[in-house]
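Written below as structure tokens is the structure these notes are about.
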Amino acid sequence: METDYDLITIGAGSGGVAASRRAAAHGAKVLIVEGDRVGGTCVIRGCVPKKLMMYAAGFAQVFREAEGFGWKEVGGRFDMAHWAGAKAAEIDRLEGIYRQLLEGSGVARESGWARLVAPGEVEVDGRRFRAPRILLATGGSPARDAFPGLEQAMTSNEVLDLAEVPQSLLVIGGGFIAVEFASIFAGLGVKVTLAYRDVLPLRGFDADLRRRLADALAARGVTLAAGVGFAELHRVAGGFELSRIDGSVIGAAAVLNATGRRPNTKGLGLEALGVATDRAGAVVVDADSRSSVPGVWAIGDLTNRRNLTPVAIAEGRAFADTEFGGAPVRVDHRVVAAAVFTDPPIGTVGLTEEQAAAQGPVDVYESEFRPMKTAFSGGQQRAYMKLLVDGLSGRVLGAHMLGADAPEIVQSLSVALTCGATKRDFDRTIAVHPTAAEEFVLMREPARRLL
Ligand code: NDP
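In my numbering, the protein residues as written are 85 to 535.
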């Protein structure tokens, strides 16, 4: 038996690292085990490289707008290999920072794949480590089995490592990952088809955002193949063909599978210890992230609550503060802002119109306009904003935006919603002018009242 610890964390992604560092700050002796790179999905193969690719794609639009402002001879050719090299260097740098942060916090690290072998005991490549508390933070990975042949497609892992822009791209799925990459590759000049089985993308989002995003993607040149399920993906000369259940076939040089993600439980030894999982394979936890087995906690995508990096971090810190800091903390999953980095992007927090209407009377405030910069440069893209207000208490229940800077704007608004702000609070807030964000405090009359 090797060294004893107060906590063993399995998985050095955003959640595991945050929990381990916080526990160490409270004086705990912590070991973190990771079989892959330090930083997890978000840093290595998710949010960060995706946003770097989104920035690259955004220049095409900036060049177009620049011409409207009088700039001449802007533009050029995108060299994806250059981007890929710079991106790899940046991810190496960030991984280095994550490693340093762990070291600087006094967290011990082991490389290898960990497995629970007994209560309070973990095996890593034949070596055993012991701790009274074990935190599972192994995240998720792309699902590849929605229909036959799909395993041949790229996932978000591989698409972020491309060094060459494909001639055409078929994106399968209508969630966060699907719409973000459809938008990015359209920005890079690729002929993109986005195929999803629902009538609109982004199931679960406010319907007005969903409709407007579909329109905006179509206006960007993305072909929307909506409302039909999928039968099989075949490899053909020069690329792939997707057969749909209505008999139609869609061809493309490259295919991105974005049909969701699954919790990473394989090889963790959950069955041996009797750690309960649900039908989606996620570890079942209570409000304090305790699993069904005493001494084992789980956070982040592995638990399939809100699969977002900041939520995993909050869950990890709440666990550490509760268990080692002597201050019980619980994450409130009700008001969680989220962003979708399409062009235009989405920022959203709180209830959708459908959810709000199910709770009682709701006043719906809306604003839609062509932002100053777009109008001046001759662009057509519009911004859309919506506030959902409780018809009885006046409390703002939801804030939604599709338009430039929406994620940045909604991040600030989420503070107000977390504090329980009312529409009167929005009304007495003085605008910052000229901005797009000021529209959120200038909406006077409801567009409609739902009883
Ligand atoms: P999502 O759950 O968002 O979307 C999955 C998509 O795949 C849906 O459109 C779903 O369709 C479709 N799908 C699932 N199964 C099938 C099937 N059998 N046949 C056809 N279509 C299918 O998953 P993503 O992979 O896009 O993202 C995973 C998670 O990662 C998200 O939940 C999000 O929390 C996180 N993420 C966050 C980002 C951000 O914060 N900006 C960016 C990227 C990811 P349907 O709706 O019809 O079920």
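Just so it is clear, CB atoms sit at the ideal spot from N, CA and C, and this is done for glycine as well. This one's a predicted model, so the numbers in the text were calculated from it and none came from an experiment.
Three or more beta-carbon pairs separated by less than 8 Å link the segment 183-199 to the segment 100-118, which places the two stretches in contact. As the crow flies, the alpha-carbon of R533 is around 18 Å from that of Y468.
Runs of the alpha helix (DSSP H) spanning 4 or more residues and lying entirely within the segment 282-333 occur at 291-303, in chain order. From the listed residues G159, R287, A140, L526, the smallest Cα separation to H166 is found for A140. When A441, A300, G379, P429 are compared, the shortest CA-CA separation from R214 is found for G379. When DSSP states are grouped into helix, strand and coil, P226 belongs to the strand group. With 16 or more other CB atoms across the displayed protein chains lying within 10 angstroms of its CB, S498 is buried. In the three-state DSSP reduction, N341 falls in the strand class (E or B). Residue range 164-188 is occupied by the alpha helix (DSSP H) that includes H166.
In the three-state reduction of the DSSP assignment, I383 falls in the coil class, being assigned neither a helical nor a strand state. With respect to the C-alpha of E522, the residue from A531, F510, G190, L354 having the closest C-alpha is F510. Checking the 8 Å criterion, the Cβ of T222 is out of range of every heavy atom belonging to ligand 1. Taking a C-beta distance under 9 Å as the contact criterion, V473 and L297 do not qualify as a contact pair. Taking the Cβ of K350 as the reference point, every heavy atom of ligand 1 lies at 8 Å or farther away. Per DSSP, reduced to three states, the secondary structure at K470 is strand. The alpha carbon of T436 has as its nearest neighbour, out of M485, F408, T393, the alpha carbon of M485. Taking 9 Å as the cut-off, the beta carbon of M138 is found no closer than this to the beta carbon of E248. Under DSSP, the beta-bridge partners assigned to H484 are T432, K470. Between the C-alpha atoms of T406 and V201 there is a straight-line separation of about 25 Å. In this structure, the straight-line span from the alpha carbon of I92 to that of G188 is close to 17 Å. Excluding five sequence positions before and after G273, the CB atoms of its chain that fall closer than 8 Å to its own CB belong to A144, F162, V249, given in chain order. In this chain, the alpha helix (DSSP H) harbouring R401 covers 393-408. Q251 counts as exposed, since fewer than 16 other C-beta atoms from the protein chains shown sit within 10 angstroms of its C-beta.
L253 places its beta carbon 9 Å or farther from that of A342. If you draw a straight line from the Cα of A279 to the Cα of L308, it is about 6 Å long. Within the model, the alpha-carbon separation for A108 versus L234 is close to 43 Å.
By the neighbour-count criterion, in which a residue is buried when 16 or more other Cβ atoms sit within 10 angstroms of its Cβ, C126 is buried.
Taking G482 as reference, the option from A421, P491, D489, M527 with the minimal CA-CA separation is A421. The closest CA to that of G322, considering only V312, S332, F524, V339, is found on V339. In the three-state DSSP reduction, E248 falls in the coil class, being neither helix nor strand. Sixteen is the threshold: since fewer than 16 other Cβ atoms of the shown chains lie within 10 Å of the Cβ of N241, the residue is exposed.
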